[in-house]
Amino acid sequence: PAAAASLQQDYIYNTEMSQYTGKQMNKGAWGWGLESDHERKVFMMASQKASLERNVDLVATRVKDRANAMLAKYNIMATFEFKKEVLAKYSSQQQNQNEVVKIIGLQFHPIE
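Add 14 to a position in the sequence shown, counting from 1, and you land on the number used in my numbering.
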């Protein structure tokens with residue numbers, strides 16, 4: 015559930031951000047303060063997205079710890095499987111593109 019919520023929020027956030035400038039320009043010209051409402055909404059979504067990603071890490075760590083506790087007597091160890099994503103470079107001051115590492119599953123290894 016935590017991973018699904020994070021993925022869903024990623025999709026919503028990306029959709030909202032793709033329309034951000036258009037909503038700023040269109041509604042800002044016609045309405046009073048509508049762009050501020052939209053900015054607030056986007057920033058709150060970014061905050062929620064970060065919280066949901068942290069929840070995924072915490073839940074995954076608990077699952078891995080429990081798996082390791084159960085598998086230790088069989089000499090099997092669980093580790094995380096990761097997926098890296100390159101993040102957009104938003105500043106000319108930024109030397110390199112950053113990466114985000116997401117937990118996507120478990121790998122199992124024999125202990126020798």
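All residues carry an ideal CB built from backbone N, CA and C; glycine is no exception.
Based on Cα-Cα distance, which residue from the options lies nearest to residue i?
i	options	result
residue 115	27, 109 and 68	68
residue 89	21, 26 and 122	122
residue 28	120, 17 and 59	59
residue 97	23, 120, 56 and 62	120
residue 126	75, 86, 74 and 23	86
According to the neighbour-count rule (16 or more other Cβ atoms, all chains shown, within 10 Å of its Cβ), is residue i buried or exposed?
i	result
residue 14	There is no way to answer for residue 14, as the model of the chain reaches only from 15 to 126.
residue 118	exposed
residue 32	exposed
residue 106	exposed
residue 102	exposed
residue 18	exposed
residue 20	buried
I need the boundaries of the beta strand (DSSP E) containing residue i, first residue and last residue.
i	result
residue 121	113-124
residue 98	90-100
message: For the structure I just gave you, are there three or more beta carbon pairs, one from the segment 55-66 and one from the segment 101-121, closer than 8 Å?
response: no
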